[in-house]
Structure formats: structure tokens, C-alpha cells
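Take the sequence shown: its letter number 111 is residue 1085 in the numbering used here, and every next letter is one higher.
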Amino acid sequence: MKDLETYKKELLAQGAEKTFSKTSNLTDTPFSYCGGCGHGVVHRLIMEVVEELGITQDTIGIAPVGCTVIAYDFMNIDMQQAAHGRATAVATGIKRVMPEKYVFSYQGDGDLAAIGTGETIHTCNRGENIAVFFINNGIYGMTGGQMAPTTLDGMKSSTSPYGRDLDTMGHPLSITEMIAQLPGTYYVTRQSVHTPANVRKCKRAITKAFTNQKLNKGLSFVEIVSNCNSGWKMRPVESNNWMEENMFKAYTLGDIKVPKEE
């Protein structure tokens, strides 16, 4: 069986047109995320935007614990790991010491909306001039598929095998809507990457988040609803369909807070 590089060279030699190139801001490390997961797409989008804006040498990313923790294996920029839940606090420190840098955190729902709720809310309330990228798949993906703050009503997980029960487990936390109410947030949006059209919308949101930081507008918060086919015990296509039918009802896609001047 031919390796991928040999196959690509043969296609080009036969006159095939090259329509896509991987950004140099992604390393050559093979993705170790589960097949069908949205993390790889989001990684690519963030790194493409950084390259297109010409800010590669001035960008610093913070990845904490969970599936997001291995982002620094793939993002070919300056990266800093943070303790679980503390990414926005670390981002605050870096941005205040080096205000000329473009700083972003890359976090999952367990990290940002559970152990890191306090850090997240206060960072947003202060209006730190950073970007926060929040991956919401409604479950603790890396540690065994346990119930997360964003797990839906009735949704099964390893710690809610009969489904989330609102009476005993509380309601799913729509933290993005909460954050949008804070005066320090400038731009708050919710996107996805499960179709080509949604990928394009998400890329525009990521671009806006970095552009807002350049203009010193304050905090931009981009939630990206993604599947977790491994944690949900589904095939990738099935998990995307389930996400459309269930996750989007609770977490509606689109802009939540847009500056008045826009």
C-alpha cells in the first residue's frame, strides 16, 4: 500500500491540481484524537487564522487538562500548559506581562465550566483582552465519558448511566449565555465544525476573536459545539446527527453578543 506522500506526488505528476495545503502552524505530528472528533478541525482553523493574520510569532496559546491538553503537540506556536481549570488565569498573566502578544486559551467543558468556572467568569468579567475557545461536547471525553456540567437532560454517561436526572444532578450549564451577560465580554458566539458551511462560519468567528484582540476591544468568547463519538458510544456520522438533533436544541448556534457598532 502506498504511503500518503507518494500518492500525492503521483497525483500531482499526473496533472492533478493542488487545492489545499496544510498551514505551517500545524506540526507534522499525527493527530491522536479519536477519529471523527472536532478537535482536529478546530486546531486547523485557529492555526490557519493565525497564519493568515501574520501573527504566528506573536501568538501564545494556553491548553489545560483534558482532551485539549495535547494541543501543544500540534500547534506550532508558543504554548503554555495550565493546571486544570486555570487556563484563563494563566492567559491573564501572560497578556498583562506581554500586552502586545495575541493570547488565547483552548478549553473543554469540564475544564472551563466545572473546575474552572470561577477563573472563567472573573476573567470574562474583568474584560481581559484575550480570546477564549471553548469546546463543548457535553461530556468528559478524556477521562472516561463522565457527566459534565454541559451534559444534557436525560443524556447517558459513565456516571449517569440512566441519563442525567435534573432533580438529583441539576440542570445543564449554559455558561456561554451567562458569560454574555458580563460587561467585560465584547464578543460571544457559539459555532460548530460538523459541516463545511459551519466550518466557514466558525473560521470567521475565530478571525473576529483575534481581530478584536488586535483592536484592544476586550474578551472574545467562541464556544464550539462538537461531537464526542467515543464518549457518546457512537460512530462519527451517527454522533454528528445526534448532535444536530439534541445538542443544538440546548446550545443554539449563532452570535450571542455582538458589539453594537457591528
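We put the CB at the ideal spot given by N, CA and C, even for glycine.
- [ ] Grab the span of the alpha helix (DSSP H) containing Tyr1007 for me, first residue to last.
- [x] Taking the sequence shown and counting its residues from 1, one reaches residue 1007 at position 33. Where Tyr1007 is concerned, there is no enclosing alpha helix (DSSP H), given that its DSSP letter is neither H nor E.
Task: Straight-line gap, Thr1042 to Ser1204 (C-alpha atoms, nearest Å) - done: Taking the first residue of the sequence shown as position 1, residue 1042 is located at position 68. Taking the first residue of the sequence shown as position 1, residue 1204 is located at position 230. Distance between the alpha carbons of Thr1042 and Ser1204: 15 Å.
Task: Whole-Å CB distance - Ser1079 paired with Ile1044, under 8 Å assumed - done: Position 105 of the sequence shown holds residue 1079. Position 70 of the sequence shown holds residue 1044. About 15 Å separates the CB atoms of Ser1079 and Ile1044; that is not less than 8 Å, and the two are not in contact.
- [ ] Report yes or no: is there a C-beta of chain D within less than 8 Å of the C-beta of Thr1003?
- [x] No chain D is part of this structure, which consists of one protein chain only.
Open item on the list: Can you tell me which residues form a DSSP beta bridge with Met1053?
Closed with: Translated into the one-based positions of the sequence shown, residue 1053 becomes position 79. BP columns for Met1053 point to Gly1035.
Task: Residue range of the unbroken alpha helix (DSSP H) whose run includes Val974 - done: The structure shown does not extend to residue 974, since the chain spans only 975 to 1236, so no value can be given for it.
- [ ] Tell me, please, which residues DSSP counts as bridged to Phe1108.
- [x] Your numbering for residue 1108 matches position 134 in the sequence shown. Note: Phe1108 sits in a beta bridge opposite Gln1081, Glu1197.
TODO: Pull up the CB-CB distance for Ile1198 and Ser1148, whole angstroms please, since I reckon it's below 8 Å.
DONE: Indexing the sequence shown from 1 puts residue 1198 at position 224. Indexing the sequence shown from 1 puts residue 1148 at position 174. About 15 Å separates the two Cβ atoms, so there is no contact after all.
Task: Neighbourhood of Cys1202 by C-beta, 6 Å cutoff - its chain only, sequence neighbours within 5 removed - done: Walking along the sequence shown from the start, residue 1202 turns up at place 228. Taken in chain order, the residues that qualify are Asn1111, Ile1113, Gly1115.
Task: Lys1069 versus Asp1032, Ala1122, Glu1219, Asn1172, residue with shortest Cα-Cα distance - done: Translated into the one-based positions of the sequence shown, residue 1069 becomes position 95. Ranking the options by Cα distance to Lys1069, first place goes to Asp1032.
Task: Residues bridged to Met1121 [DSSP beta-bridge criterion] - done: On the sequence shown, position 147 is the one that residue 1121 refers to. Paired residue(s): Ile1113.
Open item on the list: Rounding to the nearest angstrom, what Cα-Cα distance links Val1024 and Asp1141 in this structure?
Closed with: Residue 1024 sits at position 50 when you count from the first residue of the sequence shown. Residue 1141 sits at position 167 when you count from the first residue of the sequence shown. Roughly 44 Å between the two C-alpha positions.
Task: Proximity to Ser995 [Cα-Cα], best of Leu1019, Gln1120, Val1039, Thr1150 - done: Residue mapping note: residue 995 aligns to position 21 of the sequence shown, counting from 1. Of Leu1019, Gln1120, Val1039, Thr1150, the residue nearest in Cα terms is Leu1019.
Task: Sequence-distant residues of the same chain with beta carbon closer than 6 Å to Gly1119, five excluded per side - done: For the purposes of this step, residue 1119 is identified with residue 145 of the sequence shown, where counting begins at 1. So the list reads Ile1113, Ser1131, Ser1132, Gly1205, once near-sequence residues are dropped.
Task: Given Lys1231 as reference, the closest of Phe1222, Lys1182, Leu1189, Ser1213 once Cα atoms are compared - done: Working through the sequence shown from its first residue, we reach residue 1231 at position 257. Nearest option by C-alpha distance: Lys1182.
Open item on the list: What does the Cβ neighbour count give for Thr1066, buried or exposed, with the cut at 16 atoms within 10 Å?
Closed with: The count along the sequence shown starts at 1 and reaches residue 1066 at position 92. Burial call: buried.
TODO: Measure how close the beta-carbons of Pro1146 and Ala1224 come, nearest whole angstrom, since I'm counting them as under 8 Å.
DONE: The residue labelled residue 1146 in the question sits at position 172 within the sequence shown. The residue labelled residue 1224 in the question sits at position 250 within the sequence shown. Right, the Cβ-Cβ distance comes to about 6 Å (below 8 Å), so this counts as a contact.
Task: Nearest to Lys1075 (by Cα), restricted to the options Gly1084, Ser1194, Lys1188 - done: Position 101 of the sequence shown, counted from the start, is the residue given in the question as residue 1075. The shortest Cα separation from Lys1075 among Gly1084, Ser1194, Lys1188 belongs to Lys1188.
Task: Collapsed DSSP secondary structure at Ser919 in the structure displayed - done: Outside the modelled stretch of the chain, which goes from 975 to 1236, sits residue 919, for which no answer is possible.
- [ ] Please determine, among Gln1054, Gln1155, Gly1009, the residue with the shortest C-alpha to C-alpha distance to Pro1233.
- [x] Residue 1233 sits at position 259 when you count from the first residue of the sequence shown. With distances taken between Cα atoms, Pro1233 lies closest to Gln1155.
- [ ] Compare the beta carbon distance of Ile1089 and Gly1059 with 8 Å and say whether it is the shorter of the two.
- [x] Here residue 1089 refers to the residue found at position 115 of the sequence shown. Here residue 1059 refers to the residue found at position 85 of the sequence shown. Contact flag set, yes.
Task: Contiguous alpha helix (DSSP H) assignments of at least 4 residues, all confined to the stretch 1165–1190 - done: 1170–1188
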